[in-house]
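J.:
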Amino acid sequence: MKKKTIIPYLFITPFLIAFALFFVYPAGYSLYLSFLKYKGYGEATFVGLNNYKSLLTYALFWKSLGNTAFYFLAHFVPVMAGAFLFALAMQSSYIGRAQKVIKPVLFLPQVVPLVASALIFKIIFSTNSGALNQITGLQVKWLEDPGLLKWPVVFLIIWRSVGWFMVIFLAGLTTISSDLNEAATLDGANNWQRITKITIPLMKPIFLFAFVTDVISSFKIYTEPNVMMVETGTIPVDAQPVMNIITNNIKGGNFGMASAAGWILFLIILIVSLAQLFLMKNKED
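Using the working numbering, the letters of the sequence shown correspond one by one to residues 193 to 477.
Okay, structure coming up:
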(Lines of atoms letter the chains of each structure in order from A and count residues from 1; the text may use other names and numbers.)
(Lines give C-alpha, C1' and ligand atoms only; values in the text may rest on other atoms or scores of the structure.)
Protein backbone atom coordinates (compact mmCIF):
# COMPACT_ATOMS: atom_id res chain seq x y z
CA MET A 1 0.00 0.00 0.00
CA LYS A 2 2.83 2.38 0.89
CA LYS A 3 4.50 1.58 -2.42
CA LYS A 4 1.39 2.68 -4.32
CA THR A 5 1.20 5.98 -2.43
CA ILE A 6 4.89 6.76 -3.07
CA ILE A 7 4.90 6.04 -6.82
CA PRO A 8 2.88 9.17 -7.87
CA TYR A 9 5.30 11.38 -5.94
CA LEU A 10 8.26 9.76 -7.67
CA PHE A 11 6.83 10.79 -11.03
CA ILE A 12 6.59 14.47 -10.04
CA THR A 13 9.96 14.51 -8.22
CA PRO A 14 11.94 15.67 -11.33
CA PHE A 15 9.53 18.59 -11.74
CA LEU A 16 9.78 19.53 -8.06
CA ILE A 17 13.58 19.45 -8.20
CA ALA A 18 13.64 21.61 -11.35
CA PHE A 19 11.05 24.00 -9.82
CA ALA A 20 13.15 24.37 -6.67
CA LEU A 21 16.40 24.90 -8.60
CA PHE A 22 15.16 27.27 -11.29
CA PHE A 23 12.34 29.16 -9.51
CA VAL A 24 12.29 28.86 -5.71
CA TYR A 25 16.04 29.27 -5.20
CA PRO A 26 16.50 32.20 -7.65
CA ALA A 27 13.43 33.97 -6.24
CA GLY A 28 14.63 33.50 -2.67
CA TYR A 29 18.16 34.59 -3.55
CA SER A 30 16.93 37.72 -5.35
CA LEU A 31 14.87 38.63 -2.27
CA TYR A 32 18.01 38.20 -0.17
CA LEU A 33 20.02 40.34 -2.62
CA SER A 34 17.42 43.13 -2.45
CA PHE A 35 18.58 43.87 1.11
CA LEU A 36 22.25 44.02 0.13
CA LYS A 37 24.66 46.28 -1.70
CA TYR A 38 26.41 43.79 -3.93
CA LYS A 39 28.35 44.22 -7.19
CA GLY A 40 28.52 40.53 -8.06
CA TYR A 41 31.97 40.11 -6.57
CA GLY A 42 33.68 40.91 -3.31
CA GLU A 43 31.91 41.34 -0.01
CA ALA A 44 28.19 42.14 0.15
CA THR A 45 26.99 44.86 2.54
CA PHE A 46 23.63 44.60 4.29
CA VAL A 47 21.69 47.84 3.72
CA GLY A 48 18.22 46.81 4.91
CA LEU A 49 15.43 48.63 3.08
CA ASN A 50 17.72 51.27 1.57
CA ASN A 51 17.44 49.80 -1.95
CA TYR A 52 13.66 49.99 -1.76
CA LYS A 53 13.76 53.53 -0.34
CA SER A 54 16.14 54.67 -3.07
CA LEU A 55 13.88 53.29 -5.79
CA LEU A 56 10.70 54.75 -4.32
CA THR A 57 12.31 58.20 -4.15
CA TYR A 58 13.92 57.92 -7.61
CA ALA A 59 12.02 60.09 -10.11
CA LEU A 60 13.10 57.99 -13.11
CA PHE A 61 11.65 54.85 -11.52
CA TRP A 62 8.20 56.46 -11.29
CA LYS A 63 8.56 57.89 -14.80
CA SER A 64 9.40 54.42 -16.14
CA LEU A 65 6.54 52.89 -14.17
CA GLY A 66 4.18 55.47 -15.68
CA ASN A 67 5.45 54.65 -19.19
CA THR A 68 4.82 50.95 -18.57
CA ALA A 69 1.32 51.69 -17.27
CA PHE A 70 0.67 53.74 -20.42
CA TYR A 71 1.75 50.86 -22.65
CA PHE A 72 -0.69 48.58 -20.82
CA LEU A 73 -3.67 50.97 -20.68
CA ALA A 74 -3.30 52.07 -24.31
CA HIS A 75 -3.30 48.56 -25.78
CA PHE A 76 -5.49 46.59 -23.35
CA VAL A 77 -8.98 47.52 -24.61
CA PRO A 78 -8.18 47.36 -28.36
CA VAL A 79 -6.43 44.00 -27.94
CA MET A 80 -9.12 42.38 -25.79
CA ALA A 81 -12.01 43.75 -27.83
CA GLY A 82 -10.38 42.85 -31.14
CA ALA A 83 -9.36 39.38 -29.98
CA PHE A 84 -12.83 38.62 -28.62
CA LEU A 85 -14.58 39.84 -31.77
CA PHE A 86 -12.26 37.78 -33.97
CA ALA A 87 -12.84 34.73 -31.75
CA LEU A 88 -16.61 35.17 -32.11
CA ALA A 89 -16.21 35.59 -35.86
CA MET A 90 -14.15 32.40 -36.11
CA GLN A 91 -17.03 30.49 -34.51
CA SER A 92 -19.59 32.08 -36.78
CA SER A 93 -21.04 30.13 -39.69
CA TYR A 94 -20.62 33.24 -41.87
CA ILE A 95 -16.83 32.82 -41.95
CA GLY A 96 -16.94 29.19 -43.03
CA ARG A 97 -13.76 27.77 -44.54
CA ALA A 98 -12.13 31.21 -44.64
CA GLN A 99 -11.21 30.77 -40.96
CA LYS A 100 -8.53 28.28 -42.05
CA VAL A 101 -6.75 31.21 -43.67
CA ILE A 102 -7.72 33.99 -41.24
CA LYS A 103 -6.58 32.16 -38.07
CA PRO A 104 -2.96 31.63 -39.21
CA VAL A 105 -2.77 35.19 -40.56
CA LEU A 106 -3.91 36.66 -37.22
CA PHE A 107 -1.56 34.41 -35.25
CA LEU A 108 1.41 35.04 -37.57
CA PRO A 109 2.76 38.07 -35.58
CA GLN A 110 3.33 35.74 -32.61
CA VAL A 111 5.56 33.55 -34.76
CA VAL A 112 7.72 36.46 -35.93
CA PRO A 113 10.65 37.00 -33.50
CA LEU A 114 10.12 40.02 -31.25
CA VAL A 115 13.33 41.77 -32.34
CA ALA A 116 12.37 41.33 -35.99
CA SER A 117 8.88 42.71 -35.28
CA ALA A 118 10.37 45.76 -33.55
CA LEU A 119 12.74 46.38 -36.46
CA ILE A 120 9.84 46.14 -38.93
CA PHE A 121 7.85 48.75 -37.00
CA LYS A 122 10.96 50.90 -36.67
CA ILE A 123 11.22 50.93 -40.47
CA ILE A 124 7.50 51.70 -40.80
CA PHE A 125 7.59 54.63 -38.36
CA SER A 126 11.02 56.04 -39.25
CA THR A 127 10.87 59.81 -39.85
CA ASN A 128 12.93 60.13 -43.03
CA SER A 129 12.54 56.78 -44.79
CA GLY A 130 9.58 55.26 -42.93
CA ALA A 131 6.88 53.56 -44.97
CA LEU A 132 4.08 55.41 -43.16
CA ASN A 133 5.50 58.88 -43.82
CA GLN A 134 6.33 57.93 -47.42
CA ILE A 135 2.74 56.79 -48.08
CA THR A 136 1.05 59.74 -46.35
CA GLY A 137 3.55 62.34 -47.55
CA LEU A 138 3.92 63.64 -43.98
CA GLN A 139 7.04 64.11 -41.89
CA VAL A 140 5.73 63.00 -38.51
CA LYS A 141 8.54 62.33 -36.03
CA TRP A 142 6.99 59.19 -34.55
CA LEU A 143 10.17 58.02 -32.83
CA GLU A 144 11.52 61.46 -31.83
CA ASP A 145 8.52 63.52 -30.69
CA PRO A 146 8.03 63.01 -26.90
CA GLY A 147 4.25 63.16 -27.37
CA LEU A 148 4.21 60.45 -30.04
CA LEU A 149 7.13 58.10 -29.46
CA LYS A 150 5.21 55.67 -27.21
CA TRP A 151 2.45 55.10 -29.78
CA PRO A 152 4.49 53.03 -32.28
CA VAL A 153 5.27 50.67 -29.39
CA VAL A 154 1.55 50.45 -28.57
CA PHE A 155 0.71 49.65 -32.21
CA LEU A 156 3.36 46.92 -32.21
CA ILE A 157 1.94 45.38 -29.02
CA ILE A 158 -1.59 45.42 -30.47
CA TRP A 159 -0.38 43.82 -33.71
CA ARG A 160 1.38 41.03 -31.84
CA SER A 161 -1.20 40.41 -29.12
CA VAL A 162 -4.57 40.21 -30.90
CA GLY A 163 -3.90 36.80 -32.48
CA TRP A 164 -2.58 35.34 -29.23
CA PHE A 165 -5.60 36.34 -27.16
CA MET A 166 -7.93 35.33 -29.98
CA VAL A 167 -6.65 31.75 -29.55
CA ILE A 168 -7.21 31.97 -25.77
CA PHE A 169 -10.77 33.25 -26.25
CA LEU A 170 -11.47 30.60 -28.88
CA ALA A 171 -10.44 27.95 -26.36
CA GLY A 172 -12.82 29.52 -23.83
CA LEU A 173 -15.70 29.66 -26.31
CA THR A 174 -15.39 25.94 -27.03
CA THR A 175 -16.17 25.20 -23.36
CA ILE A 176 -19.60 26.87 -23.64
CA SER A 177 -22.26 24.29 -24.42
CA SER A 178 -24.09 24.87 -27.71
CA ASP A 179 -27.27 23.72 -25.95
CA LEU A 180 -27.39 27.02 -24.05
CA ASN A 181 -27.32 29.10 -27.23
CA GLU A 182 -29.83 26.81 -28.93
CA ALA A 183 -32.21 27.08 -25.98
CA ALA A 184 -31.82 30.88 -25.96
CA THR A 185 -32.55 31.00 -29.70
CA LEU A 186 -35.73 28.99 -29.18
CA ASP A 187 -36.74 31.51 -26.51
CA GLY A 188 -36.37 34.31 -29.05
CA ALA A 189 -32.93 35.67 -28.09
CA ASN A 190 -30.99 37.40 -30.87
CA ASN A 191 -27.19 37.27 -31.41
CA TRP A 192 -26.48 40.30 -29.22
CA GLN A 193 -28.57 38.93 -26.34
CA ARG A 194 -26.86 35.53 -26.55
CA ILE A 195 -23.44 37.17 -26.45
CA THR A 196 -24.23 39.53 -23.55
CA LYS A 197 -26.37 37.17 -21.46
CA ILE A 198 -24.65 33.81 -22.06
CA THR A 199 -21.23 34.08 -23.70
CA ILE A 200 -19.69 37.00 -21.80
CA PRO A 201 -20.79 35.87 -18.29
CA LEU A 202 -19.47 32.34 -18.91
CA MET A 203 -16.21 33.75 -20.30
CA LYS A 204 -15.38 35.74 -17.15
CA PRO A 205 -12.71 33.27 -15.92
CA ILE A 206 -11.05 33.43 -19.34
CA PHE A 207 -11.19 37.24 -19.30
CA LEU A 208 -9.55 37.22 -15.85
CA PHE A 209 -6.80 34.91 -17.11
CA ALA A 210 -6.26 37.18 -20.13
CA PHE A 211 -6.13 40.27 -17.90
CA VAL A 212 -3.57 38.79 -15.51
CA THR A 213 -1.32 37.46 -18.29
CA ASP A 214 -1.50 40.80 -20.09
CA VAL A 215 -0.57 42.71 -16.93
CA ILE A 216 2.42 40.42 -16.40
CA SER A 217 3.59 40.69 -20.01
CA SER A 218 3.10 44.49 -19.96
CA PHE A 219 5.41 44.90 -16.98
CA LYS A 220 7.98 42.80 -18.84
CA ILE A 221 7.99 45.08 -21.90
CA TYR A 222 11.60 45.78 -22.78
CA THR A 223 12.60 44.72 -26.30
CA GLU A 224 9.97 46.70 -28.21
CA PRO A 225 10.91 50.26 -27.17
CA ASN A 226 14.62 49.52 -26.83
CA VAL A 227 14.95 48.13 -30.36
CA MET A 228 12.68 50.74 -31.97
CA MET A 229 14.10 53.87 -30.33
CA VAL A 230 17.74 53.32 -29.48
CA GLU A 231 19.80 55.39 -31.93
CA THR A 232 22.42 56.91 -29.65
CA GLY A 233 22.78 54.00 -27.23
CA THR A 234 20.15 55.19 -24.75
CA ILE A 235 16.37 55.04 -24.98
CA PRO A 236 14.49 58.35 -24.44
CA VAL A 237 13.24 58.80 -20.87
CA ASP A 238 9.71 59.45 -22.16
CA ALA A 239 9.52 55.90 -23.56
CA GLN A 240 11.69 53.96 -21.11
CA PRO A 241 9.84 50.98 -19.55
CA VAL A 242 10.39 49.98 -15.95
CA MET A 243 12.38 46.90 -17.02
CA ASN A 244 15.17 49.30 -18.04
CA ILE A 245 15.63 50.19 -14.37
CA ILE A 246 16.40 46.53 -13.65
CA THR A 247 18.69 45.99 -16.65
CA ASN A 248 20.57 49.27 -16.11
CA ASN A 249 21.27 48.34 -12.48
CA ILE A 250 22.45 44.88 -13.53
CA LYS A 251 24.77 46.44 -16.15
CA GLY A 252 26.04 48.84 -13.51
CA GLY A 253 26.74 46.00 -11.08
CA ASN A 254 24.06 47.08 -8.60
CA PHE A 255 22.41 43.69 -8.14
CA GLY A 256 20.72 44.67 -4.89
CA MET A 257 18.88 47.59 -6.50
CA ALA A 258 17.91 45.44 -9.51
CA SER A 259 16.51 42.75 -7.22
CA ALA A 260 14.56 45.32 -5.21
CA ALA A 261 13.04 46.71 -8.43
CA GLY A 262 12.04 43.19 -9.45
CA TRP A 263 10.28 42.57 -6.16
CA ILE A 264 8.45 45.90 -6.32
CA LEU A 265 7.16 44.91 -9.77
CA PHE A 266 6.12 41.52 -8.41
CA LEU A 267 4.13 43.17 -5.61
CA ILE A 268 2.42 45.57 -8.05
CA ILE A 269 1.40 42.70 -10.35
CA LEU A 270 0.22 40.64 -7.36
CA ILE A 271 -1.90 43.49 -5.97
CA VAL A 272 -3.48 44.28 -9.36
CA SER A 273 -4.24 40.59 -10.01
CA LEU A 274 -5.74 40.00 -6.56
CA ALA A 275 -7.83 43.17 -6.83
CA GLN A 276 -9.23 42.03 -10.17
CA LEU A 277 -9.96 38.56 -8.76
CA PHE A 278 -11.68 40.10 -5.72
CA LEU A 279 -13.83 42.41 -7.87
CA MET A 280 -14.93 39.57 -10.15
CA LYS A 281 -15.75 37.36 -7.18
CA ASN A 282 -17.87 40.11 -5.61
CA LYS A 283 -19.80 40.60 -8.87
CA GLU A 284 -20.50 36.88 -9.09
CA ASP A 285 -21.73 36.81 -5.46
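Yeah, the Cβ is synthetic: ideal placement off N, Cα and C, and Gly gets one too.
Please read these numbers as outputs of a predicted model, since none were measured by experiment.
Rounded C-beta distance between ILE461 and TYR244? I'm assuming under 8 Å.
T.: The residue given as residue 461 occupies position 269 in the sequence shown. The residue given as residue 244 occupies position 52 in the sequence shown. Between TYR244 and ILE461 the Cβ distance is about 16 Å, and since that is not below 8 Å, they are no contact.
J.: What span of residues does the alpha helix (DSSP H) with THR260 cover, start to end?
T.: For the purposes of this step, residue 260 is taken as residue 68 along the sequence shown, with counting starting at 1. Per DSSP, THR260 belongs to the alpha helix (DSSP H) from 251-283.
J.: Enumerate in chain order the residues of its own chain whose CB-to-CB distance from GLU416 is below 6 Å, with the five nearest sequence positions on each side excluded.
T.: Within the sequence shown, the letter at position 224 stands for residue 416. The answer, listed in chain order, is ALA310, VAL345, LEU348.
J.: Out of LEU362, ILE368, LEU466, which one is the CA nearest neighbour of PHE276?
T.: What you label residue 276 is simply residue 84 of the sequence shown in a count that begins at 1. Looking at the Cα atoms, LEU362 is the closest of the given residues.
J.: Which of the three DSSP states is assigned to LEU469 in this structure?
T.: As a working mapping, residue 469 is identified with position 277 in the sequence shown. Three-state DSSP puts LEU469 in a helix.
J.: Helix, strand or coil for THR485 per DSSP?
T.: Nothing can be reported for residue 485, as the shown portion of the chain is limited to 193 through 477.
J.: Let me make sure I understand the geometry here. Which of GLN291, ILE209, ALA452 has the alpha-carbon closest to that of VAL359?
T.: For the purposes of this step, residue 359 is identified with residue 167 of the sequence shown, where counting begins at 1. For VAL359, the nearest C-alpha among the options comes from GLN291.
J.: Taking the beta carbon of SER256 as the centre, do at least 16 other beta carbons fall within 10 Å, making it buried, or is it exposed?
T.: In the sequence shown, the residue the question calls residue 256 occupies position 64. With 16 or more Cβ atoms within 10 Å of its Cβ, SER256 is classed as buried.
J.: In three-state terms, what does DSSP make of THR237?
T.: Mapped onto the sequence shown, residue 237 falls at position 45. Three-state DSSP puts THR237 in a strand.
J.: Between ALA210 and GLY454, what straight-line distance do the alpha-carbon atoms span, to the nearest angstrom?
T.: Locating residue 210 in the sequence shown gives position 18, counting from the first residue. Locating residue 454 in the sequence shown gives position 262, counting from the first residue. Between ALA210 and GLY454, the C-alpha separation is close to 22 Å.
J.: Could you say which of ALA279, ILE316, ARG289 lies nearest to PHE299 if we only look at CA atoms?
T.: Taking the first residue of the sequence shown as position 1, residue 299 is located at position 107. Of the candidates ALA279, ILE316, ARG289, the one whose C-alpha sits nearest the C-alpha of PHE299 is ALA279.
J.: Look up LEU228 in the DSSP assignment and say whether it is helix, strand or coil.
T.: Within the sequence shown, the letter at position 36 stands for residue 228. Here LEU228 sits in strand by DSSP.
J.: Using 8 Å for Cβ pairs, my map puts LEU365 next to ALA431. What's the rounded Cβ distance?
T.: What you label residue 365 is simply residue 173 of the sequence shown in a count that begins at 1. What you label residue 431 is simply residue 239 of the sequence shown in a count that begins at 1. Contact flag wrong, Cβ pair sits at about 36 Å.
J.: Which residues in the same chain have their Cβ closer than 8 Å to the Cβ of VAL271, if we skip the five residues on either side of it in sequence?
T.: In the sequence shown, the residue the question calls residue 271 occupies position 79. These residues qualify, in order along the chain: ILE349, ILE350, SER353, VAL354, PHE357, ASP406.
J.: Determine the burial state of TRP334: buried for a count of at least 16 other Cβ atoms within 10 Å of its Cβ, exposed for fewer.
T.: In the sequence shown, counting from the first residue as 1, residue 334 sits at position 142. Classification of TRP334: buried, given that the 10 Å Cβ count is 16 or more.
J.: Go ahead and pull the three-state DSSP assignment for LEU340.
T.: Against the sequence shown, residue 340 aligns to sequence position 148. Note: LEU340 maps to coil in three-state DSSP.
J.: Give me, in chain order, the residues of the same chain whose beta-carbon lies closer than 7 Å to that of LEU228; leave out the 5 immediate sequence neighbours on both sides.
T.: Sequence index remark: in the sequence shown, residue 228 carries index 36 (1-based). These residues qualify, in order along the chain: ALA236, THR237, PHE238, VAL239, GLY448.
J.: Provide the residue span of the alpha helix (DSSP H) that contains PHE215, from first to last.
T.: In the sequence shown, counting from the first residue as 1, residue 215 sits at position 23. Here PHE215 belongs to no alpha helix (DSSP H), and DSSP marks it neither H nor E.
J.: So what does DSSP say about TRP351, is it helix, strand or coil?
T.: Counted from its first residue, the sequence shown places residue 351 at position 159. Helix.
J.: Rounding to the nearest angstrom, what Cα-Cα distance links SER222 and ASN373 in this structure?
T.: What you label residue 222 is simply residue 30 of the sequence shown in a count that begins at 1. What you label residue 373 is simply residue 181 of the sequence shown in a count that begins at 1. Roughly 50 Å between the two C-alpha positions.
J.: Looking at ILE398 and ALA376, is the spacing between their C-beta atoms short of 9 Å?
T.: Position 184 of the sequence shown, counted from the start, is the residue given in the question as residue 376. Position 206 of the sequence shown, counted from the start, is the residue given in the question as residue 398. Not closer than 9 Å, so no.
J.: Just how far apart, CA to CA, sit LEU213 and TYR201?
T.: Position 21 of the sequence shown, counted from the first residue, corresponds to residue 213. Position 9 of the sequence shown, counted from the first residue, corresponds to residue 201. C-alpha of LEU213 to C-alpha of TYR201: approximately 18 Å in a straight line.
J.: Is it buried or exposed for PHE207, if we count other Cβ within 10 angstroms and need 16 for buried?
T.: Numbered from its first residue, the sequence shown carries residue 207 at position 15. A residue is called buried when at least 16 other Cβ atoms come within 10 angstroms of its Cβ; PHE207 does not meet this threshold and is exposed.
J.: Are LYS314 and VAL429 touching if we call contact CB-CB under 9 Å?
T.: For the purposes of this step, residue 314 is taken as the residue at position 122 of the sequence shown. For the purposes of this step, residue 429 is taken as the residue at position 237 of the sequence shown. Not closer than 9 Å, so no.
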